[in-house]
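Engineer:
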(Lines of atoms letter the chains of each structure in order from A and count residues from 1; the text may use other names and numbers.)
(Lines give C-alpha, C1' and ligand atoms only; values in the text may rest on other atoms or scores of the structure.)
Protein backbone atom coordinates (compact mmCIF):
# COMPACT_ATOMS: atom_id res chain seq x y z
CA UNK A 1 0.00 0.00 0.00
CA UNK A 2 1.32 3.43 -0.85
CA UNK A 3 2.08 5.52 2.25
CA UNK A 4 -0.50 8.07 3.35
CA UNK A 5 0.71 11.65 2.88
CA UNK A 6 2.08 12.63 6.29
CA UNK A 7 0.88 16.20 5.82
CA UNK A 8 -2.69 14.92 6.06
CA UNK A 9 -4.45 14.06 9.26
CA UNK A 10 -4.53 10.22 9.17
CA UNK A 11 -8.29 9.74 9.17
CA UNK A 12 -9.11 6.11 9.75
CA UNK A 13 -12.60 4.72 9.96
CA UNK A 14 -12.83 3.83 13.62
CA UNK A 15 -15.52 6.36 14.50
CA UNK A 16 -18.89 5.93 16.19
CA UNK A 17 -20.75 4.19 13.37
CA UNK A 18 -18.09 1.47 13.09
CA UNK A 19 -17.83 -1.68 15.11
CA UNK A 20 -14.46 -1.51 16.89
CA UNK A 21 -13.63 -5.05 15.81
CA UNK A 22 -13.69 -4.16 12.10
CA UNK A 23 -10.48 -3.65 10.13
CA UNK A 24 -9.34 -0.02 10.16
CA UNK A 25 -9.23 1.48 6.68
CA UNK A 26 -8.60 5.06 5.53
CA UNK A 27 -11.47 7.34 4.60
CA UNK A 28 -12.27 7.70 0.92
CA UNK A 29 -10.52 11.03 0.43
CA UNK A 30 -7.15 9.71 1.61
CA UNK A 31 -7.19 6.31 -0.06
CA UNK A 32 -3.77 5.59 -1.54
CA UNK A 33 -3.46 6.17 -5.25
CA UNK A 34 -2.75 3.38 -7.73
CA UNK A 35 -0.64 3.76 -10.85
CA UNK A 36 -2.78 4.44 -13.90
CA UNK A 37 -6.07 4.40 -11.98
CA UNK A 38 -8.33 7.16 -10.63
CA UNK A 39 -8.27 8.06 -6.94
CA UNK A 40 -10.39 5.83 -4.72
CA UNK A 41 -9.43 2.36 -5.97
CA UNK A 42 -8.31 1.04 -2.55
CA UNK A 43 -5.15 -0.66 -3.84
CA UNK A 44 -3.27 -2.41 -1.05
CA UNK A 45 -5.63 -1.32 1.73
CA UNK A 46 -6.46 -4.89 2.79
CA UNK A 47 -3.19 -6.61 1.83
CA UNK A 48 -1.18 -8.52 4.39
CA UNK A 49 2.47 -9.58 4.41
CA UNK A 50 1.69 -12.88 2.67
CA UNK A 51 -0.59 -12.03 -0.24
CA UNK A 52 -2.52 -9.39 -2.13
CA UNK A 53 -6.13 -9.15 -1.09
CA UNK A 54 -8.85 -10.49 -3.42
CA UNK A 55 -11.96 -9.93 -1.28
CA UNK A 56 -12.23 -6.16 -0.99
CA UNK A 57 -14.95 -5.00 1.39
CA UNK A 58 -16.06 -8.59 2.05
CA UNK A 59 -13.27 -8.47 4.62
CA UNK A 60 -15.69 -6.40 6.72
CA UNK A 61 -17.82 -9.50 7.27
CA UNK A 62 -15.92 -10.51 10.38
CA UNK A 63 -16.98 -13.13 12.91
CA UNK A 64 -18.31 -10.42 15.22
CA UNK A 65 -20.31 -8.83 12.40
CA UNK A 66 -21.89 -12.18 11.49
CA UNK A 67 -22.68 -13.01 15.12
CA UNK A 68 -24.31 -9.61 15.55
CA UNK A 69 -26.34 -10.11 12.37
CA UNK A 70 -28.06 -13.21 13.73
CA UNK A 71 -29.98 -10.90 16.08
CA UNK A 72 -31.96 -9.79 13.03
CA UNK A 73 -33.74 -13.18 12.95
CA UNK A 74 -36.86 -12.55 15.02
CA UNK A 75 -39.74 -13.99 12.95
CA UNK A 76 -38.48 -17.24 11.45
CA UNK A 77 -39.26 -16.05 7.90
CA UNK A 78 -36.99 -16.60 4.88
CA UNK A 79 -37.42 -14.80 1.53
CA UNK A 80 -35.57 -15.63 -1.68
CA UNK A 81 -33.93 -12.66 -3.40
CA UNK A 82 -33.29 -14.36 -6.74
CA UNK A 83 -35.17 -13.69 -9.98
CA UNK A 84 -36.10 -16.59 -12.26
CA UNK A 85 -33.35 -17.49 -14.71
CA UNK A 86 -35.94 -17.28 -17.50
CA UNK A 87 -37.98 -14.45 -15.99
CA UNK A 88 -37.21 -11.81 -18.62
CA UNK A 89 -38.64 -12.13 -22.12
CA UNK A 90 -36.23 -9.83 -23.93
CA UNK A 91 -32.76 -8.30 -23.73
CA UNK A 92 -30.87 -5.68 -25.70
CA UNK A 93 -27.65 -7.71 -25.61
CA UNK A 94 -26.49 -10.88 -27.36
CA UNK A 95 -26.06 -12.70 -24.06
CA UNK A 96 -27.32 -16.26 -24.10
CA UNK A 97 -30.67 -16.88 -22.44
CA UNK A 98 -31.52 -19.99 -20.47
CA UNK A 99 -31.40 -23.27 -22.37
CA UNK A 100 -33.33 -25.75 -20.26
CA UNK A 101 -33.15 -29.41 -21.38
CA UNK A 102 -34.61 -32.57 -19.82
CA UNK A 103 -32.66 -35.78 -20.39
CA UNK A 104 -34.40 -39.14 -19.97
CA UNK A 105 -32.51 -41.68 -17.88
CA UNK A 106 -33.98 -44.34 -20.16
CA UNK A 107 -32.45 -42.71 -23.25
CA UNK A 108 -29.09 -42.64 -21.50
CA UNK A 109 -29.38 -46.29 -20.47
CA UNK A 110 -29.39 -45.40 -16.77
CA UNK A 111 -32.82 -46.74 -15.85
CA UNK A 112 -36.42 -47.19 -16.93
CA UNK A 113 -37.78 -44.02 -15.34
CA UNK A 114 -36.35 -40.69 -14.26
CA UNK A 115 -34.76 -37.54 -15.55
CA UNK A 116 -31.58 -35.49 -15.58
CA UNK A 117 -31.49 -31.76 -16.25
CA UNK A 118 -29.02 -29.80 -18.38
CA UNK A 119 -28.95 -26.01 -18.33
CA UNK A 120 -26.78 -23.37 -19.93
CA UNK A 121 -27.01 -19.58 -19.73
CA UNK A 122 -25.03 -16.36 -19.55
CA UNK A 123 -24.58 -15.46 -15.89
CA UNK A 124 -25.61 -11.83 -16.51
CA UNK A 125 -29.20 -12.60 -17.58
CA UNK A 126 -30.74 -12.74 -14.11
CA UNK A 127 -29.89 -12.10 -10.45
CA UNK A 128 -26.16 -12.32 -9.89
CA UNK A 129 -23.05 -11.14 -8.16
CA UNK A 130 -20.29 -9.68 -10.32
CA UNK A 131 -16.69 -10.55 -9.50
CA UNK A 132 -13.98 -7.92 -9.77
CA UNK A 133 -13.05 -9.42 -13.15
CA UNK A 134 -16.41 -8.71 -14.79
CA UNK A 135 -15.90 -5.02 -15.55
CA UNK A 136 -12.38 -3.76 -14.73
CA UNK A 137 -11.18 -0.20 -15.32
CA UNK A 138 -11.83 0.32 -19.02
CA UNK A 139 -8.82 2.52 -19.65
CA UNK A 140 -6.29 -0.04 -18.42
CA UNK A 141 -8.03 -3.41 -18.00
CA UNK A 142 -6.92 -3.42 -14.35
CA UNK A 143 -9.32 -4.82 -11.75
CA UNK A 144 -9.42 -4.45 -7.95
CA UNK A 145 -6.07 -4.21 -6.20
CA UNK A 146 -4.18 -4.01 -9.52
CA UNK A 147 -5.37 -7.51 -10.50
CA UNK A 148 -5.10 -8.56 -14.13
CA UNK A 149 -7.95 -10.72 -15.42
CA UNK A 150 -6.56 -11.96 -18.72
CA UNK A 151 -8.05 -14.83 -20.70
CA UNK A 152 -4.87 -16.83 -19.98
CA UNK A 153 -5.32 -16.40 -16.23
CA UNK A 154 -9.03 -17.18 -16.33
CA UNK A 155 -8.55 -20.28 -18.48
CA UNK A 156 -5.54 -21.45 -16.46
CA UNK A 157 -3.11 -21.44 -19.38
CA UNK A 158 -0.59 -19.07 -17.82
CA UNK A 159 2.38 -19.90 -15.59
CA UNK A 160 1.40 -16.98 -13.36
CA UNK A 161 0.28 -18.53 -10.07
CA UNK A 162 -1.71 -15.45 -9.01
CA UNK A 163 -5.40 -16.30 -8.81
CA UNK A 164 -7.75 -13.73 -10.35
CA UNK A 165 -10.37 -12.24 -7.97
CA UNK A 166 -13.32 -14.33 -9.17
CA UNK A 167 -16.47 -15.50 -7.38
CA UNK A 168 -15.21 -19.00 -6.60
CA UNK A 169 -12.74 -17.40 -4.19
CA UNK A 170 -15.74 -16.41 -2.05
CA UNK A 171 -16.30 -20.10 -1.26
CA UNK A 172 -13.05 -20.10 0.71
CA UNK A 173 -14.42 -17.53 3.14
CA UNK A 174 -17.86 -19.12 3.45
CA UNK A 175 -19.83 -16.94 1.04
CA UNK A 176 -21.55 -13.67 1.90
CA UNK A 177 -23.17 -13.75 5.32
CA UNK A 178 -24.13 -10.74 7.42
CA UNK A 179 -26.70 -8.07 8.18
CA UNK A 180 -28.66 -7.02 5.12
CA UNK A 181 -30.38 -3.64 4.95
CA UNK A 182 -33.08 -2.80 2.41
CA UNK A 183 -33.35 0.84 1.33
CA UNK A 184 -36.68 0.81 -0.49
CA UNK A 185 -36.38 3.79 -2.83
CA UNK A 186 -39.40 2.67 -4.87
CA UNK A 187 -41.63 2.64 -1.80
CA UNK A 188 -40.21 5.98 -0.64
CA UNK A 189 -41.00 7.85 -3.88
CA UNK A 190 -44.43 6.21 -3.98
CA UNK A 191 -45.16 7.55 -0.49
CA UNK A 192 -44.06 11.02 -1.61
CA UNK A 193 -46.32 10.93 -4.66
CA UNK A 194 -43.34 11.06 -7.04
CA UNK A 195 -43.62 9.26 -10.39
CA UNK A 196 -40.37 7.56 -11.46
CA UNK A 197 -39.92 5.23 -14.43
CA UNK A 198 -37.27 2.55 -13.83
CA UNK A 199 -36.71 2.34 -17.59
CA UNK A 200 -35.24 5.83 -18.06
CA UNK A 201 -32.02 7.32 -16.73
CA UNK A 202 -32.65 8.28 -13.11
CA UNK A 203 -29.84 8.59 -10.57
CA UNK A 204 -30.39 8.16 -6.84
CA UNK A 205 -28.06 10.36 -4.79
CA UNK A 206 -26.40 9.59 -1.47
CA UNK A 207 -28.53 12.28 0.17
CA UNK A 208 -31.69 10.57 -1.07
CA UNK A 209 -30.50 7.22 0.33
CA UNK A 210 -30.02 8.90 3.71
CA UNK A 211 -33.57 10.25 3.42
CA UNK A 212 -34.88 6.76 2.63
CA UNK A 213 -33.10 5.35 5.68
CA UNK A 214 -34.59 8.10 7.87
CA UNK A 215 -38.04 7.55 6.35
CA UNK A 216 -37.84 3.84 7.20
CA UNK A 217 -36.24 4.40 10.60
CA UNK A 218 -33.36 2.17 9.49
CA UNK A 219 -29.93 2.29 11.12
CA UNK A 220 -26.98 1.83 8.77
CA UNK A 221 -24.02 -0.02 10.28
CA UNK A 222 -20.50 -0.80 9.16
CA UNK A 223 -20.31 -4.27 7.63
CA UNK A 224 -23.90 -4.07 6.34
CA UNK A 225 -24.85 -5.55 2.98
CA UNK A 226 -26.74 -2.69 1.34
CA UNK A 227 -29.70 -3.69 -0.84
CA UNK A 228 -31.46 -0.96 -2.84
CA UNK A 229 -34.90 -1.49 -4.39
CA UNK A 230 -35.65 0.71 -7.40
CA UNK A 231 -38.71 -1.17 -8.69
CA UNK A 232 -37.06 -2.29 -11.95
CA UNK A 233 -37.35 -6.07 -11.58
CA UNK A 234 -40.91 -5.81 -10.31
CA UNK A 235 -41.96 -3.71 -13.30
CA UNK A 236 -40.23 -5.62 -16.11
CA UNK A 237 -42.09 -8.99 -16.03
CA UNK A 238 -45.42 -7.12 -16.26
CA UNK A 239 -44.51 -6.12 -19.83
CA UNK A 240 -44.89 -8.31 -22.90
CA UNK A 241 -41.86 -9.17 -25.04
CA UNK A 242 -42.19 -6.12 -27.30
CA UNK A 243 -42.67 -3.78 -24.35
CA UNK A 244 -39.68 -5.33 -22.57
CA UNK A 245 -37.53 -4.88 -25.65
CA UNK A 246 -38.53 -1.23 -25.94
CA UNK A 247 -37.97 -0.66 -22.22
CA UNK A 248 -34.51 -2.22 -22.15
CA UNK A 249 -33.51 -0.25 -25.25
CA UNK A 250 -34.71 3.05 -23.84
CA UNK A 251 -32.56 6.01 -22.87
CA UNK A 252 -31.13 4.35 -19.78
CA UNK A 253 -32.14 2.90 -16.43
CA UNK A 254 -32.55 3.78 -12.80
CA UNK A 255 -29.75 3.23 -10.27
CA UNK A 256 -27.35 4.85 -7.83
CA UNK A 257 -25.71 8.07 -8.93
CA UNK A 258 -22.41 7.20 -10.69
CA UNK A 259 -20.32 9.80 -8.88
CA UNK A 260 -17.46 10.27 -6.45
CA UNK A 261 -20.00 11.46 -3.89
CA UNK A 262 -21.78 8.10 -4.07
CA UNK A 263 -18.50 6.15 -3.97
CA UNK A 264 -17.44 8.20 -0.94
CA UNK A 265 -20.76 7.59 0.83
CA UNK A 266 -20.63 3.83 0.24
CA UNK A 267 -16.97 3.52 1.23
CA UNK A 268 -17.17 5.71 4.33
CA UNK A 269 -20.23 3.80 5.58
CA UNK A 270 -18.13 0.65 5.18
CA UNK A 271 -20.76 -1.48 3.50
CA UNK A 272 -19.50 -5.01 2.85
CA UNK A 273 -21.38 -5.24 -0.46
CA UNK A 274 -24.07 -3.46 -2.48
CA UNK A 275 -26.89 -5.13 -4.40
CA UNK A 276 -30.01 -3.97 -6.17
CA UNK A 277 -32.83 -4.86 -8.54
CA UNK A 278 -31.80 -2.66 -11.48
CA UNK A 279 -29.72 -3.64 -14.56
CA UNK A 280 -26.64 -2.30 -12.78
CA UNK A 281 -26.24 -0.93 -9.28
CA UNK A 282 -25.45 2.47 -10.78
CA UNK A 283 -27.65 4.43 -13.20
CA UNK A 284 -26.22 4.68 -16.68
CA UNK A 285 -27.19 5.62 -20.20
CA UNK A 286 -26.82 2.32 -22.08
CA UNK A 287 -28.32 -0.77 -20.52
CA UNK A 288 -26.37 -3.91 -19.81
CA UNK A 289 -27.81 -6.93 -18.01
CA UNK A 290 -26.63 -7.27 -14.43
CA UNK A 291 -27.73 -7.31 -10.77
CA UNK A 292 -31.50 -7.99 -11.06
CA UNK A 293 -32.19 -9.09 -7.48
CA UNK A 294 -35.86 -9.89 -6.77
CA UNK A 295 -36.84 -7.53 -3.95
CA UNK A 296 -40.61 -7.07 -4.20
CA UNK A 297 -41.52 -9.83 -1.71
CA UNK A 298 -38.91 -8.54 0.72
CA UNK A 299 -40.25 -5.00 0.28
CA UNK A 300 -43.80 -6.08 1.05
CA UNK A 301 -42.73 -7.96 4.18
CA UNK A 302 -40.53 -5.13 5.44
CA UNK A 303 -43.27 -2.56 4.80
CA UNK A 304 -45.74 -4.67 6.76
CA UNK A 305 -43.40 -5.33 9.70
CA UNK A 306 -41.73 -1.91 9.72
CA UNK A 307 -38.31 -3.57 9.94
CA UNK A 308 -35.91 -3.28 6.99
CA UNK A 309 -32.89 -5.16 8.31
CA UNK A 310 -32.40 -8.92 8.14
CA UNK A 311 -29.89 -11.74 8.19
CA UNK A 312 -28.59 -12.24 4.65
CA UNK A 313 -26.84 -15.30 3.30
CA UNK A 314 -25.55 -15.83 -0.23
CA UNK A 315 -23.28 -18.40 -1.85
CA UNK A 316 -22.44 -18.20 -5.59
CA UNK A 317 -21.78 -21.25 -7.75
CA UNK A 318 -18.49 -23.00 -7.01
CA UNK A 319 -17.17 -22.92 -10.58
CA UNK A 320 -13.45 -22.26 -11.20
CA UNK A 321 -12.73 -18.64 -12.14
CA UNK A 322 -16.42 -17.67 -12.03
CA UNK A 323 -16.85 -14.16 -13.48
CA UNK A 324 -20.41 -13.71 -12.24
CA UNK A 325 -23.17 -15.97 -11.04
CA UNK A 326 -26.52 -16.39 -9.31
CA UNK A 327 -26.38 -15.14 -5.71
CA UNK A 328 -28.59 -17.86 -4.21
CA UNK A 329 -29.44 -15.20 -1.64
CA UNK A 330 -31.89 -15.44 1.24
CA UNK A 331 -33.18 -12.75 3.56
CA UNK A 332 -33.96 -14.32 6.93
CA UNK A 333 -36.11 -12.31 9.31
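Residue numbers (the numbering used here): 18 to 350. Every residue, glycine too, gets a C-beta built ideally from N, C-alpha and C. The structure presented is a predicted model; accordingly, all values stated were derived computationally and were not measured.
#1: Please classify residue 342 as buried or exposed, where buried requires at least 16 neighbouring CB atoms within 10 angstroms.
#2: What is the DSSP secondary structure of residue 29, counted as helix, strand or coil?
#3: With C-beta atoms as the reference, is residue 316 less than 9 angstroms away from residue 204?
#4: Only counting the same chain, and skipping five residues up and downstream in sequence, which positions put a Cβ closer than 8 angstroms to that of residue 8?
#5: When the distance is taken between beta carbons, is residue 198 closer than 9 angstroms to residue 78?
#6: If you follow the beta strand (DSSP E) that residue 272 is part of, which residue opens it and which one closes it?
#7: Return the first residue and the last residue of the beta strand (DSSP E) that residue 134 is part of.
#8: Per DSSP, what kind of secondary structure is residue 347 in: helix, strand or coil?
#9: Would you kindly work out how many angstroms separate the C-alpha atoms of residue 161 and residue 182, rounded to a whole number?
#10: How is residue 95 classed by DSSP in three states: helix, strand or coil?
#11: What does the Cβ neighbour count give for residue 156, buried or exposed, with the cut at 16 atoms within 10 Å?
#12: Would you say residue 290 and residue 45 are within 9 angstroms of each other, going by their C-beta atoms?
#13: Would the beta-carbon of residue 59 fall within 9 angstroms of that of residue 73?
#14: Taking residue 348 as the reference, give the member of 70, 90 and 118 with the closest Cα.
#15: At the level of alpha carbons, what is the spacing between residue 332 and residue 123?
Structural biologist: So, from the data block:
#1: Position 325 of the chain shown holds residue 342. The residue is buried, with at least 16 neighbouring Cβ atoms inside 10 Å.
#2: For the purposes of this step, residue 29 is taken as residue 12 along the chain shown, with counting starting at 1. Low confidence applies here, because residue 29 scores a pLDDT of 35, under 50, leaving its location unreliable and the question unanswered by this model.
#3: The sequence position of residue 316 within the chain shown is 299, counting from 1. The sequence position of residue 204 within the chain shown is 187, counting from 1. Note that the C-beta distance between residue 316 and residue 204 is below 9 angstroms.
#4: Residue 8 falls outside the range modelled here, since the chain spans only 18 to 350, and no answer is possible.
#5: As a first step, residue 78 is located in the chain shown; it is residue number 61 there, counting from the start. As a first step, residue 198 is located in the chain shown; it is residue number 181 there, counting from the start. Contact check for residue 78 against residue 198 fails: the beta carbons are separated by 9 angstroms or more.
#6: Position 255 of the chain shown, counting from 1, holds the residue named residue 272. Counted as a single uninterrupted DSSP element, the beta strand (DSSP E) harbouring residue 272 occupies residues 271-273.
#7: Position 117 of the chain shown holds residue 134. Residues 132-137.
#8: For this step, residue 347 is matched to residue 330 along the chain shown. Reduced to three states, the DSSP call for residue 347 is strand.
#9: By 1-based counting over the chain shown, the position of residue 161 is 144. By 1-based counting over the chain shown, the position of residue 182 is 165. When rounded, the separation of the alpha-carbon atoms in residue 161 and residue 182 is 8 angstroms.
#10: For the purposes of this step, residue 95 is taken as residue 78 along the chain shown, with counting starting at 1. Look at residue 95 here: in three-state DSSP terms it is strand.
#11: Residue numbering aside, residue 156 sits at position 139 when the chain shown is read from its first letter. The residue in question, residue 156, is exposed, as its Cβ has fewer than 16 Cβ neighbours within 10 Å.
#12: Here residue 290 is taken as the residue at index 273 of the chain shown, counted from 1. Here residue 45 is taken as the residue at index 28 of the chain shown, counted from 1. Contact flag unset, no.
#13: For the purposes of this step, residue 59 is taken as the residue at position 42 of the chain shown. For the purposes of this step, residue 73 is taken as the residue at position 56 of the chain shown. Yes, the pair counts as a contact, with Cβ atoms nearer than the cut-off.
#14: Residue numbering aside, residue 348 sits at position 331 when the chain shown is read from its first letter. Shortest Cα-Cα distance from residue 348 to any of 70, 90 and 118 involves 90.
#15: Here residue 332 refers to the residue found at position 315 of the chain shown. Here residue 123 refers to the residue found at position 106 of the chain shown. Their backbone Cα atoms lie some 34 angstroms apart in a straight line.
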